[in-house]
Amino acid sequence: MKKLPPLPDIPEQDQTPVVKALLGLVEQLIERVQQQDEEIALLKDEVNILKGEKKRPVFKGSKLDKNTEPDTS
Numbered sequence: 258m259k260k261l262p263p264l265p266d267i268p269e270q271d272q273t274p275v276v277k278a279l280l281g282l283v284e285q286l287i288e289r290v291q292q293q294d295e296e297i298a299l300l301k302d303e304v305n306i307l308k309g310e311k312k313r314p315v316f317k318g319s320k321l322d323k324n325t326e327p328d329t330s
């Protein structure tokens with residue numbers, strides 16, 4: 258899934274009630290789109306399994322500490 262662009266920072270003095278309502282609505286819609294993307298991926302996996310194919314592999318994130326560098330010796 259493409260990452261959605263971040264919402265612009267709007268100074269508090271520029272946020273009218275309408276702008277605040279719209280920002281709240283946009284945040285709700287972003288969450289809903291993310292949930293739907295996850296559900297679509299699960300359903301695609303289920304369809305592939307029913308077709309006799311393999312589902313997508315799940316990759317785990319790196320467990321390396323971001324402050325340490327891997328040993329290169």
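Letter by letter, the sequence shown follows residues 258 to 330 in the working numbering.
From the three backbone atoms N, C-alpha and C, an ideal C-beta is built for every residue, glycine too.
Nearest-angstrom Cα distance between residue i and residue j?
| i | j | result |
| --- | --- | --- |
| Lys320 | Leu307 | 33 Å |
| Pro262 | Glu284 | 12 Å |
| Leu299 | Lys312 | 9 Å |
| Gly309 | Phe316 | 21 Å |
Using DSSP with H/G/I as helix, E/B as strand and the rest coil, what is residue i?
| i | result |
| --- | --- |
| Pro274 | helix |
| Arg289 | helix |
| Lys301 | helix |
Counting only the same chain and skipping the five closest in sequence on each side, list residues whose C-beta sits under 7 Å from that of residue i.
| i | result |
| --- | --- |
| Glu296 | none |
Checklist line | Cβ contact (3+ pairs, closer than 8 Å) linking the stretch 289–303 and the stretch 262–269 | finding: no
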